[in-house]
Every structure is written in structure tokens, then in C-alpha cells.
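**Q**
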Amino acid sequence: MFRILGQSFTAGVVTEPPPDHEDTELARLGIELRRLIDARFGRSLAIRQVDAGSCNGCELEIHALNNPYHDVERFGLHFVASPRHADALLVTGPVSRHMETALRRTWRAMPSPKFVIAAGECACNGGEFGVSYASCGAVENVLPVDVKIPGCPPMPLDLLKGLLGALRTA
Amino acid sequence: MTQSDARSPLAGGSPPSDPAGSSANRPQTGADEPSARPRRFDWLSEFLARLEDEHIVAHRGDARILAPAHRLVLDPEDWAVAAKLAAAMGMRHAGLWADPLDDGETEAGTDEPCIRVRACLEQAGDYLVIETDVPLNRPLLGSQTPVYPGLDRLERHAHDLTGVVFTGHPFDSTQDRPDERRWTRHQAWPAERFPLRHDFPLRGETTRRTPADTDYPFVRVQGAGVYEIPVGPVHAGIIEPGHFRFHAMGEEVLRLEQRFGYVHKGIEKLAVGRDPAGLIRLAGRVSGDSTVAHAWAACQAIERATGCAVPPRALTLRAVMAERERIANHLGDIGAICNDVGFAFAHVQCARLREQWQRRSHELFGHRLMMDALIPGGVVHDLSADAFLALRQDHAALHRAVEPLFDVIDDHPSLDDRLIATGILSLTDARALGCTGYVGKASGLRFDVRRDNPYPPYDGVRVEESVETEGDVAARVRVRMAEVRGSLWMLDRLLDALPEGAIAVPLPAAPPGAVGLGLIEGWRGEILCFVRFDVAGHIARYFPRDPSWFTWPALERLILGNIVPDFPVCNKSVNGSYAGQDL
Chain V
22 MFRILGQSFT
32 AGVVTEPPPD
42 HEDTELARLG
52 IELRRLIDAR
62 FGRSLAIRQV
72 DAGSCNGCEL
82 EIHALNNPYH
92 DVERFGLHFV
102 ASPRHADALL
112 VTGPVSRHME
122 TALRRTWRAM
132 PSPKFVIAAG
142 ECACNGGEFG
152 VSYASCGAVE
162 NVLPVDVKIP
172 GCPPMPLDLL
182 KGLLGALRTA
Chain Z
2 MTQSDARSPL
12 AGGSPPSDPA
22 GSSANRPQTG
32 ADEPSARPRR
42 FDWLSEFLAR
52 LEDEHIVAHR
62 GDARILAPAH
72 RLVLDPEDWA
82 VAAKLAAAMG
92 MRHAGLWADP
102 LDDGETEAGT
112 DEPCIRVRAC
122 LEQAGDYLVI
132 ETDVPLNRPL
142 LGSQTPVYPG
152 LDRLERHAHD
162 LTGVVFTGHP
172 FDSTQDRPDE
182 RRWTRHQAWP
192 AERFPLRHDF
202 PLRGETTRRT
212 PADTDYPFVR
222 VQGAGVYEIP
232 VGPVHAGIIE
242 PGHFRFHAMG
252 EEVLRLEQRF
262 GYVHKGIEKL
272 AVGRDPAGLI
282 RLAGRVSGDS
292 TVAHAWAACQ
302 AIERATGCAV
312 PPRALTLRAV
322 MAERERIANH
332 LGDIGAICND
342 VGFAFAHVQC
352 ARLREQWQRR
362 SHELFGHRLM
372 MDALIPGGVV
382 HDLSADAFLA
392 LRQDHAALHR
402 AVEPLFDVID
412 DHPSLDDRLI
422 ATGILSLTDA
432 RALGCTGYVG
442 KASGLRFDVR
452 RDNPYPPYDG
462 VRVEESVETE
472 GDVAARVRVR
482 MAEVRGSLWM
492 LDRLLDALPE
502 GAIAVPLPAA
512 PPGAVGLGLI
522 EGWRGEILCF
532 VRFDVAGHIA
542 RYFPRDPSWF
552 TWPALERLIL
562 GNIVPDFPVC
572 NKSVNGSYAG
582 QDL
């Protein structure tokens, strides 16, 4: 127990205090995000993430949004386990043909109003995989997409900026 | 004494060695490595003798074409028997892949279109590739799955993409309906069409919506009180898609069957016709968490095929990136394993360290995951003197940070309670399935490509052995912690010995039909990669075999008898790649 307390104490809080440029930007983005979420969704934005065929690089960076440096929950953004609880569908990867039906069904299970965010090059334009016998390419070939976040994979800050854009247009 | 002098005499070909330039050979001076290795391939003559006893003809041919592996060409009717003999000698199966030669421009001697099937075996760090041709119009081949159960999915994958029918496969009751043992194919293309054949267009033959693959024949467990839990393909988290079918009684798992293929993107087909640089970009996206390892494996295969002499500095920088990737992934996973049993403290601390690590990767190698940092013939980013210092300080800082943290994880009552004796993979199962990496090491298999078949720069640096015997989740965590420490130590040695010189050379043109084999120890374990060029110097066949092909079936076994709520932690401790095996 003391070891844990000791470690927590010495590590301290790393959640981006604003010492450098990047961190100020994070704080600024976060605050703006928070304001928009409050205005449009009432306190929080629930996101359901679906990997429709990614190489799992995008997933790693989405995970990084939850690490103590970014800690996006403080901005009212959280990832939910069921599409029934979600306001937004965050899709990564080109949509593989084998995931096409599962993705449509996930989208159908979400209550309206809902919006779709395509994260990563593959989701935006098919990326390295494009359209093939096994892939439908970009998410917009399967679902109506509201916002695109490019990057291979998009960095956590890019994801935050993209989500902000999503809220502006939603 | 050179390495080839030390080999025992071989029948059917000259002893294997590397093509000029790739220099995976290590002079056996014995001075740098205290453990006296057995002579390379000292088991091969016995294997050849056993083949001869069974009246199997191993054809002469270029035995060194896939160096460092030795190559044997067999008749198709001897395929299954050869596997039986290999298994009897305790060889490990390292994968199987099929290569349709139906494009009309294949090498001389193959007048009728055929499918070339290759399998890779390993014994004592030496690799043997066996090869056979089956006619395209009657592609029947004996299955090796009865003696090597880990091959089950690879054979079914080869069937779905090329049409080779493996006879005598354990699912043979369904032999009349080969459709029922589909693996990678769902409903995106019909059962009688095979995407890797030349006549199948990359864009596919239909644009209609792909229905769900609803009638996959899961094996059922029946009886009073037995119930099924279907999970996936969309999971309740930020995870890749796949389907798990549990049969449970009360809390206890009686059977788990996996159904994958959901993220099949046609990587093998997409590779056809690419130039080497394009292939490496694709290889870096086989599995995003192993981008360096897969890109390196593909580079190595290409460089061996073309006889490219990669500058030593580039090789060391590749190793630096590969070890960084190993540390980043282990840190993330160790934290996630603890999180799966409700120990959020470790999760947060590990995520913190991983983020710092990734930011440095971004700064020095241009990408947080180090994607696209490798190119054929070298690497993209050089290390400046400042970067060198920053890295040394990072290593020392991470070392200081992980010691107290690992101390807690290694010995904390609430973690011990959940991790010890959970998800035990026996040595027998690990060996039968061919597990490598931390999954194999936690069950007592010490194999590590970096040590047992060292490729530069690992031929000049000691690779720490981290082996446990318990095979439970706790053992896999301990192996991963040991690998983090080992990689940190190794990073400093690699940096200290960083050679001067160029970081890339132009790739020589590939001889028509050149083939190459890449073998890299990724963070998950051994990655095998096969590349064949066509006559114009483009890629004709690319097959990356991720270690996940063998660790996913291990998960099916190690979960048995555990409770359903322990599945997440068992799964995370193995952490197979869905993308890496769906291709």
C-alpha cells in the first residue's frame, strides 16, 4: 500500500499542465470542446468506437486519449460500450466487406440524433487499402459521415481537434 | 573457421548460407558468446535420412535460395508424411503458405499452372523450408494439421485464398463441403472463387452489400445447464473485431471457439504488383502495433532476395526502433492486464510511461508508432548526437520509473489473487501450437529469433533470456516485465555500438522470380515473411505470418476451466493481433 502511495505521490499529476505549446493547445481545445458539448449534448458526449478493418494503429491512439496526459473524460467525452448509449460513432479503418453488415447494424442501433466520425486515413479515403474484393474503402461508402479526421493514425490532439469540429457541425 | 566449414555434410544440396550481402551469418569464433552453440543444421542429415527411410525423395534444387533457411523440394504425396517425421524429431512448425503460379510467366520447368505450397519448420534455431507443387486443376495436398494443430487456420486460410484442398484435415467429416471449414472467407466472395489466383480481379467480382456470415458451423457443447455466450464481432471497448463463442456451465468455460476474418482487407492481394517501397508501406500496416517488426521482416525478405547489403548503422537503428516498439507495447499491455482485474493504479502509471515513450518516438523517428520509418535498403531517420543523449537519458529515466512500479505489480496481494494460476497454458499445448514470444516463453519455450538465429545487429549483442514455466497470466506478465528490462539494457548497448556510415543504400534490382524469407522477433514473437518477385521486379507474392496465428488458438486452450469474467484478462495477457492474422 505504501509503495503504491509512494509511487503515486512521486509520479504526481501528469495531466497536461500547460508548460509547452502542445499542452496549451490541448487545454484550449478541451475547454472549447467542453463548451460545445454543454451547449449541444448536455454535459457529455458518448462515443461508440468501431474498428471496421483498421490495422489497430488508430485504436492505440484512441486509447492514448484516455491516458493521464490527455484524460479526455475531463472534457465530458467518454467511450461507451453499447451503441444504444452513444451520440457519436467513431469508425476506424477501411470498412472491410466482412464488417460491412456489423457496422451498419451498430449504426442502426444508435438513437438519433447521432453522427458518424471517420478517424484515420483509411476511414477517410480508404488509405493504403482502398476499395478491393475485401474492402469497401472509406466509411462514407457505407454510412453517412459527418466529420473526417485524417492521419495515419491521427495523433491524440488531431482526434481532439476532429471531435471539436464534429461538435461544431453537429 | 567459417560457419559453412562447421556444418555437417548435407545431402541434396550445398549447405545454406546467406546470399552475398545480407550477412546474417555469424563467424563462429565463439569469443563473443559464451554459450557454445551446437553446429548449425546438425539435425538436418538425420531428417534427410529419415525421409530416405520412408522412400521420400527430397529433390535437388537450390537449397540456399531462401537462406538462412535450408530448402527441400518434395513430391506432393510425401507432404503429410514429411510433417509426421518432422514432428517426431520435435521440430516446430513456423507456418505454411500457398503461392499460385498461374500468371503464365513463372520460371521454367513448371509448364502447367500449379500452386506452390511452402511450409517452414524450425529446430534449434535453424529453419527448413519444404516446398511442393500441386496442379491448379487438382490442387490436393495432405494436411499437416493432424501432427501440427497450430496449422489448422493457416491451411484453411490457404484454401480460402488459393483453393488448395488439404485432405486428411481433422475437419474431414466435412470434406464434401469444404465450405464448412472456411476461415478467412465469410460472404464477400463465393466458395468456388479464390482471390489470390491470377484470374480474380483485385476489385472483386461484385459490388453488392456483403451479408453477415451467419451460418458458420460452430462446434456445440450440449447438456443440461450448458449455455452459449456469443461475443462480437463488435466488442464493448476500443478493440479490434472478432467473434468469440463461449460454452459455459455456471461460471466455468467449457469451450471457446474463435471466429475471425472480420478485418480481412486482402493484404496479400494488394501486395501483388507493388514495388518494394510500396510493399514496405503495406507491411507497416499489417498490424499497427507491430509496424516496425512487420516492416523489418518485409525489408529483410526483400533485401535477401535482391542481395542488398544494408549499412550496419541502418540495421542498428532498425533494432533500436524494434526494441522501442517492444517496450511501448509491453508497457501498455502490462497496465491493461492490471486494469482488467480492477487495479487501475498500474494502468495509469504504465499509460503515463508509454505516452512519454511515444512522444520521444515521434520526435526522433517522425511517428508515434514509428510507421514508415523503414525503407528497403535502410531507414528514414538518422540519430543526431543530441538525440543520442536524449535517448540515453530516457532509458535511464524509464529504468528508474519501472523498477518501483514492477516491484508493486510483481508482488501485490490483490493482483496475485487474480493473476496467479489464471489462464494456464501448458508447455505441451504451447509447443504443439508453435507459440513464440512471451506466450511461449511464459510456458517454458525459450525460443527467440534474436538469440537462436541472430540477424544483425543482434549477432553482436546479448539477448537476455526471460523464461518462466508456470504458463499462467502472472508468468506472461513477468516475462513482459523482464523483456522491458532486457530491451532497455539492450537499447543502451545498441546505441553505444552504433556504427558510423550511411543509413540507406539504393535497393538493387530484383532478379526475375527472386524469393526471400524474413525472420524477425517482433514484440509478439517470431514474424515470418515471404516475398517473391515477378519477372519485372514487382512483388508477385507477399505473405506475413504474424505470431498471432499460433497464440490465438493458445487462448482457446488456456481459457478452459477458467471463469467467464477472467476472459478479458486472459485475452489481454496473450493479446493476439486480429489485423495481423486476418490480413
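Chains as they are written, first to last, in our numbering: chain V, 22 to 191; chain Z, 2 to 584.
We treat Cβ as the ideally placed atom computed from N, Cα and C, and that holds for glycine.
Following a CB-centred definition, is T211 of chain Z positioned closer than 7 Å to any heavy atom of the ligand SAM?
**A** Among the components of this structure there are no ligands whatsoever, and the ligand SAM is therefore not found.
**Q** If distances are taken between C-alpha atoms only, which option among Z:L496, Z:R558, Z:T307 comes closest to P377 of chain Z?
**A** Z:T307
**Q** Name the chain A residues that come within less than 9 Å of A123 of chain V, Cβ to Cβ?
**A** Protein chains in the displayed structure are V and Z, and chain A is not among them.
**Q** Below 8 Å between beta carbons: does that hold for R432 of chain Z and L446 of chain Z?
**A** Yes, Cβ-Cβ distance for R432 of chain Z and L446 of chain Z is below 8 Å.
**Q** As a quick exercise: from Z:G562, Z:R542, Z:P554, pick the residue whose alpha carbon is nearest that of H248 of chain Z.
**A** Z:G562
**Q** Between the alpha carbons of T208 of chain Z and T122 of chain V, how many angstroms are there, rounded?
**A** Answer to the nearest angstrom: the Cα atoms are 14 Å apart.
**Q** List the endpoints of the continuous alpha helix (DSSP H) containing H84 of chain V.
**A** Counting along the chain, the alpha helix (DSSP H) containing H84 of chain V begins and ends at 78 to 85.
**Q** With distance defined between alpha-carbon atoms, name the residue in Z:A189, Z:W190, Z:H170, Z:P191 nearest to R182 of chain Z.
**A** It is Z:H170 whose Cα lies nearest to the Cα of R182 of chain Z.
**Q** Label G577 of chain Z either buried or exposed according to how many other C-beta atoms from any shown protein chain fall within 10 Å of its C-beta, with 16 as the threshold for buried.
**A** buried
**Q** Between the C-alpha atoms of P150 of chain Z and C173 of chain V, what's the straight-line distance to the nearest angstrom?
**A** 36 Å
**Q** Can you have a look at G487 of chain Z and say buried or exposed, based on whether 16 or more other CB atoms are within 10 angstroms of its CB?
**A** buried
**Q** Determine the closest residue to L489 of chain Z out of Z:A505, Z:L141, Z:C530, Z:A398, with distance taken between C-alpha atoms.
**A** L489 of chain Z has its Cα closest to that of Z:A398, out of Z:A505, Z:L141, Z:C530, Z:A398.
**Q** What does DSSP give as the partner residues of C121 of chain Z in its beta bridges?
**A** Z:G96, Z:V130
**Q** Of all the alpha helix (DSSP H) runs that stay within the bounds of the segment 89 to 143 of chain V, which reach a length of 4 or more residues?
**A** 121 to 129
**Q** Once DSSP output is grouped into helix, strand and coil, what is the label at A586 of chain Z?
**A** Since the displayed chain Z opens at 2 and closes at 584, residue 586 of chain Z lies outside it and no answer follows.
**Q** Can you check which of these residues, V:C76, V:E161, V:A102, is closest to H295 of chain Z by C-alpha distance?
**A** Minimum Cα distance to H295 of chain Z is reached at V:C76.
**Q** Can you name the start and end residues of the alpha helix (DSSP H) that K573 of chain Z belongs to?
**A** 568 to 575
**Q** Would you kindly work out how many angstroms separate the C-alpha atoms of T30 of chain Z and P177 of chain V, rounded to a whole number?
**A** Below a pLDDT of 50, predicted positions are generally treated as unreliable, and T30 of chain Z, at 38, falls in that range; the measurement from the model is reported next regardless. Each residue's Cα considered, the two are about 49 Å apart.
**Q** If you measure beta-carbon to beta-carbon, which residues of the segment 142 to 163 of chain V are closer than 7 Å to chain Z?
**A** Against chain Z - using a Cβ distance shorter than 7 Å - the residues of the segment 142 to 163 of chain V are E149, F150, V152, S153, Y154, A155, S156.
**Q** Given 8 Å as the limit, is there contact between the segment 492 to 504 of chain Z and the segment 433 to 452 of chain Z, that is, 3 or more CB pairs closer than that?
**A** no
**Q** Alpha carbon to alpha carbon, how far is V163 of chain V from R125 of chain V? Give it in angstroms, no decimals.
**A** 8 Å
**Q** Smallest Cα separation from K135 of chain V: which of V:S153, V:S156, V:A109?
**A** V:A109
**Q** Is it buried or exposed, M92 of chain Z, if we count other Cβ atoms within 10 angstroms and call 16 or more buried?
**A** So M92 of chain Z ends up on the buried side.
**Q** Using a Cβ cut-off of 9 Å, pull out every chain V residue sitting near W190 of chain Z, in sequence order please.
**A** R118, Y154, A155
**Q** Evaluate the contact criterion for the segment 342 to 352 of chain Z versus the segment 264 to 274 of chain Z: three or more CB pairs, one atom per stretch, below 8 Å.
**A** no
**Q** Closer than 8 Å, Cβ to any Cβ of chain V: which residues of the segment 270 to 291 of chain Z, in chain order?
**A** K270, L271, R282, L283, R286, V287, S288, G289, D290
**Q** Which residue or residues does DSSP assign as beta-bridge partners of Y217 of chain Z?
**A** Answer by DSSP bridge pairing: none, since Y217 of chain Z is not bridged.
**Q** Counting only the same chain and skipping the five closest in sequence on each side, list residues whose C-beta sits under 6 Å from that of G526 of chain Z.
**A** Around G526 of chain Z, the same chain offers T437, G438, P548 as residues with beta carbons nearer than 6 Å, after the five sequence neighbours per side are excluded.
**Q** Could you give the distance in angstroms between the alpha-carbon of R533 of chain Z and the alpha-carbon of V516 of chain Z?
**A** 4 Å
**Q** Please tell me whether A302 of chain Z and G164 of chain Z are closer than 8 Å, where the distance is taken between their beta carbons.
**A** no
**Q** Check the Cβ-Cβ distances between H99 of chain V and every residue of chain Z, and say whether any is below 8 Å.
**A** no
**Q** Just the Cα atoms here: how many angstroms apart are G51 of chain V and F96 of chain V?
**A** 6 Å
**Q** Can you tell me whether DSSP reads M90 of chain Z as helix, strand or coil?
**A** coil
**Q** Tell me which residues of the segment 402 to 427 of chain Z have at least one Cβ-Cβ distance to chain V shorter than 7 Å, keeping chain order.
**A** P405, L406, D408, V409
**Q** Please tell me whether M176 of chain V has its Cβ less than 8 Å away from any Cβ of chain Z.
**A** Closer than 8 Å to some Cβ of chain Z, the Cβ of M176 of chain V qualifies, so yes.
**Q** Using DSSP's beta-bridge definition, name the partner residues of K169 of chain V.
**A** V:A139
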